[in-house]
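What follows is one structure encoded as structure tokens, with my remarks underneath.
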Amino acid sequence: MAGILIDRIRKTFGAATALSEISLEIADGEFLALLGPSGCGKTTLLRIIAGLETQTSGRVVIGDRDVSALPPKDRGLAMVFQNYAVFPHMTVFENVAFGLRMQKVDEATIKREVERAAALLHIEPYLERYPAKLSGGQRQRVAVARALAVRPAVLLMDEPLSNLDALLRLEMRSELKGVLQQSGTTTIYVTHDQTEAMGLADRIAVMHGGVIEQIGAPQMIYERPATKFVGGFVGSPPMNFIRMPVEAGRAALDGFAAHCPGSGRDILCGIRPEDMRLAPGGDGLAFRVMVAEPLGSTLLLTGKVQDQLIRVAARPDAGLKAGDTITLEPETRRIVWLDPETGRALGA
Amino acid sequence: MNARRLLYITGVVALIAWIIVPIYLIALGAFSGRAGVFRWPKSLWPGDATFAAMQVFLQVEGVWKAALNSVIVAGLCMLFSVLLGAPAGYALARFSFRGQTAYRLLIVLTRAFPLAILALPLTVNFIRVGLYDTTLGVALVHTALAFPFAALVSSSLFMGIPRELEEAAWVFGCSRFQAFMKVVLPLALPGLAATAIFAFVISWNEVFAAAVLTVRERTLTAYLLTVLSESPLHFRFAGGFLLIVPSVLFIFAVRKYLFAMWGISNR
Chain D
1 MAGILIDRIR KTFGAATALS EISLEIADGE FLALLGPSGC GKTTLLRIIA
51 GLETQTSGRV VIGDRDVSAL PPKDRGLAMV FQNYAVFPHM TVFENVAFGL
101 RMQKVDEATI KREVERAAAL LHIEPYLERY PAKLSGGQRQ RVAVARALAV
151 RPAVLLMDEP LSNLDALLRL EMRSELKGVL QQSGTTTIYV THDQTEAMGL
201 ADRIAVMHGG VIEQIGAPQM IYERPATKFV GGFVGSPPMN FIRMPVEAGR
251 AALDGFAAHC PGSGRDILCG IRPEDMRLAP GGDGLAFRVM VAEPLGSTLL
301 LTGKVQDQLI RVAARPDAGL KAGDTITLEP ETRRIVWLDP ETGRALGA
Chain S
1 MNARRLLYIT GVVALIAWII VPIYLIALGA FSGRAGVFRW PKSLWPGDAT
51 FAAMQVFLQV EGVWKAALNS VIVAGLCMLF SVLLGAPAGY ALARFSFRGQ
101 TAYRLLIVLT RAFPLAILAL PLTVNFIRVG LYDTTLGVAL VHTALAFPFA
151 ALVSSSLFMG IPRELEEAAW VFGCSRFQAF MKVVLPLALP GLAATAIFAF
201 VISWNEVFAA AVLTVRERTL TAYLLTVLSE SPLHFRFAGG FLLIVPSVLF
251 IFAVRKYLFA MWGISNR
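Respectively, the protein sequence lines represent chains D and S.
Numbering of the first sequence is given in this note's numbering, commencing with residue 1 and proceeding in unit increments.
Numbering of the second sequence is given in this note's numbering, commencing with residue 1 and proceeding in unit increments.
The following block contains the structure:
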């Protein structure tokens, strides 16, 4: 068990900057998700921690060891790869035992540890089979079992579920959470899927363009995004950003008005689709419905407030259709105010 | 019968005529004895099949020694080609380095110079360093012929092995070398074996360099070239047949991997 300290890690590929001075601290036993769109540098960061990529500058400290210059095998970690990377020429048993064999552990211990890991991931029936005879989901379990068998101080996972179909992904996600909670392994989990990050992680670090935009507990990230990017990336459908003129510390649009921080002439009102009440006849934003999509649990309305496109999650029985015009009342205390120029949240 | 099928059958017939018919005629000549060689029209099956020519041929002085030389040369060529070609191929597949494209081109370029032009300078140099008329000398020239093939084919072999497998091995405690031995090599082995056998066949069939660079330590091809030019026709057929058989058998044995290597098909 060990915490991880990432100290001003920078990585450039020629002229391109993949990571610009990332610093991050992960507590012992914590589950941290690196969340971001493709190309944001999250996988590069993970590979630097693993030692598969060399940082341009900066340090990686695992436990109290500076591992920055060590090859992967000496860093005391395990990794699960996106495409599983299960060795095709070995049986499942040998795959799971691989790390232990490299540590020259005695045969009895290997057998015990492999069986423990196999039991955790429910792959005991396949131990004598070759990976070619397994489905994608089973191979993924083998990859996770192989990582857990060595009882790593740190577990790195690179989009481990993205090659699975939707139903299997959901099943594996909850199972993974249970297994990792039980083992208490410090885990860094790279994903572009915000529901995965929200569901699994103790903390999420949202990355964008080689920097960490925000780091915090999932609910915090969801409710109080630090930047426009975070609000737009986390949550599905994404957060709405409505531009409003400000006068004397009050933002006002249509019949809606609220106190707001900042001193600009305009302000962005960030509000989640589910945080707006339909208030027929009341004061608020006049919303013209353009598309209504019944999603089962909600009715997703896409439409315009003046000429700004927003989405609203209404109750499924709201009985609205395209062409209707209604009044929206945003819940004032759930609004995030952002600077329209920098996209950063303004302190309340 | 539609046009596609007709084309297919024509192609098959053409290929058979190209490859099988000459081999068959040589076999026929080798087994039908002195009279049979000159008989016309040819019978499909030698009525008086005889191993006489073959037997006499195998008793000719020096045949066995030449065959042994051929095996030694081809064996050395196979060894050198794989030992040099596989690391070169691995480097081409896994690392990006300055001059990589030039290096790749250079490998192919080694085949651009005809041996006939190189023969004289090679002979002079081989005499100078004491490699002339040795099996090692011939093996080195054959390695030069087989190496480009070995390097390029093994590079595509290694490219076909996902890098993540190696990375997984590193993460789980392997050094670079250990990862290569435990993960990459076992997966590349069938392909490498095919590469080796192909190098063997290239060397086995090569006659020009072997003939120019040796006097007493001849390989089978070089030996037959000199001996057979003075022999009766049915002996020549017998010699030719003996030369073809091992190559055909080898290629037949590894055909599956050759196809897979060249990406034609994996079926």
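No residue lacks a Cβ here, since even glycine has one placed at the ideal position from N, Cα and C.
TODO: Closer than 9 Å by beta-carbon distance: list the chain S residues that pair up with M102 of chain D, in chain order.
DONE: A169, F172, G173, C174, Q178, K182
TODO: Just mark N240 of chain D as buried or exposed, buried being the case when its beta carbon has 16 or more other beta carbons within 10 Å.
DONE: buried
- [ ] Please confirm if P72 of chain D has its CB atom under 7 Å from at least one CB of chain S.
- [x] yes
Open item on the list: Closest to E159 of chain D by C-alpha separation, out of D:S183, D:P37, D:K11, D:G99, would be which residue?
Closed with: D:P37
TODO: Would you mind listing the alpha helix (DSSP H) stretches within the segment 82-132 of chain D that are 4+ residues and don't spill past its ends, in chain order?
DONE: 92-102, 107-120
TODO: Count the other CB atoms, across all protein chains shown, that sit within 10 Å of the CB of P121 of chain S; report buried if there are 16 or more and exposed otherwise.
DONE: exposed
- [ ] Would you please state the rounded distance, in angstroms, between the beta carbons of S57 of chain D and R8 of chain D? I believe it to be under 8 Å.
- [x] 7 Å
Open item on the list: Taking a contact to mean a Cβ-Cβ separation below 7 Å, would you say Q308 of chain D touches I242 of chain D in this structure?
Closed with: yes
Task: DSSP beta-bridge partners of N2 of chain S - done: For N2 of chain S, which the question treats as bridged, DSSP gives no partner whatsoever.
Open item on the list: If we define contact as Cβ-Cβ less than 7 Å, is M79 of chain D a contact residue for chain S?
Closed with: yes
Open item on the list: I'd like the list of long-range same chain contacts for E166 of chain S, defined as Cβ closer than 7 Å, with 5 residues on each side in sequence excluded.
Closed with: A179, V183, V184
Open item on the list: Quick check on P190 of chain S - is its C-beta less than 7 Å from some C-beta in chain D?
Closed with: no
TODO: State yes or no: is the beta carbon of P22 of chain S nearer than 7 Å to at least one beta carbon in chain D?
DONE: no
Open item on the list: Which residue marks the beginning of the alpha helix (DSSP H) containing T135 of chain S, and which one marks its end?
Closed with: 135-159
Open item on the list: Suppose the cutoff is 8 Å on Cβ atoms and the five residues either side in sequence are ignored; what does the same chain contact list for T274 of chain S look like?
Closed with: An answer regarding residue 274 of chain S cannot be provided, because it is not within the stretch 1 to 267 covered by chain S.
Open item on the list: Going by the DSSP bridge assignment, what does C77 of chain S pair with across the sheet?
Closed with: For C77 of chain S, which the question treats as bridged, DSSP gives no partner whatsoever.
- [ ] Check the Cβ-Cβ distances between G187 of chain S and every residue of chain D, and say whether any is below 7 Å.
- [x] A small correction: the amino acid at residue 187 of chain S is Leu; Gly does not occupy that position in the sequence shown. True, the Cβ-Cβ gap to chain D drops below 7 Å.
TODO: Let me know if W64 of chain S comes out buried or exposed under the rule of 16 or more other beta-carbons within 10 Å of its beta-carbon.
DONE: exposed
Task: Alpha carbon of S70 of chain S to alpha carbon of R141 of chain D, nearest angstrom - done: 52 Å
Open item on the list: Against P114 of chain S, what residues of chain D qualify as contacts under a CB-to-CB distance less than 9 Å, listed in chain order?
Closed with: Simply none; closest approach about 42 Å.
Task: Within chain D, partners of L165 of chain S - CB distance below 7 Å - done: A85, F87
Open item on the list: Buried or exposed for T325 of chain D, going by 16 or more other Cβ atoms inside 10 Å?
Closed with: exposed
Open item on the list: Give me the chain B residues within the contact set of V150 of chain D, using Cβ-Cβ distance strictly less than 9 Å, ordered along the chain.
Closed with: No chain B is present in this structure, whose protein chains are D and S.
Task: Cβ contact check for the segment 218-232 of chain D and the segment 167-185 of chain D: 3 or more pairs under 8 Å - done: no
- [ ] For I162 of chain S, return the contacting residues in chain D, with the cut-off set at a CB-CB distance below 8 Å.
- [x] Per the sequence shown, residue 162 of chain S should be read as Pro rather than Ile. Here the neighbours are N83, A85.
- [ ] Enumerate in chain order the residues of its own chain whose CB-to-CB distance from T298 of chain D is below 8 Å, with the five nearest sequence positions on each side excluded.
- [x] E274, A313, A314, R315, P316
TODO: Taking C-beta pairs closer than 7 Å, name the residues in chain S that A50 of chain D reaches, listed in chain order.
DONE: V171
- [ ] Would you please verify whether the beta carbon of F98 of chain D is less than 7 Å from any beta carbon of chain S?
- [x] yes
Open item on the list: What does the alpha-carbon distance come out to for the pair P152 of chain D and A16 of chain D?
Closed with: 33 Å
- [ ] Within 10 angstroms of the Cβ of S236 of chain D, are there 16 or more other Cβ atoms? Answer buried if so, exposed if not.
- [x] exposed
TODO: Please check the pair G149 of chain D and E113 of chain D, which I expect to be a contact at CB under 8 Å, by giving their CB distance rounded to whole angstroms.
DONE: Here residue 149 of chain D is Ala; the residue named in the question, Gly, does not match the sequence. With 8 Å as the limit, A149 of chain D and E113 of chain D qualify as a contact, their Cβ atoms being about 5 Å apart.
Task: Nearest-angstrom Cα separation, counted from A88 of chain S out to F158 of chain S - done: 11 Å
Task: Rounded distance between the beta-carbons of V73 of chain S and T135 of chain S, thought under 8 Å - done: 5 Å
Open item on the list: Quick check on DSSP: helix, strand or coil for V60 of chain S?
Closed with: coil
- [ ] Compute the distance between the beta-carbons of T187 of chain D and L155 of chain D, then report whether it is under 7 Å.
- [x] yes
Open item on the list: Using the three-state DSSP reduction, which class does P245 of chain D fall into: helix, strand or coil?
Closed with: strand
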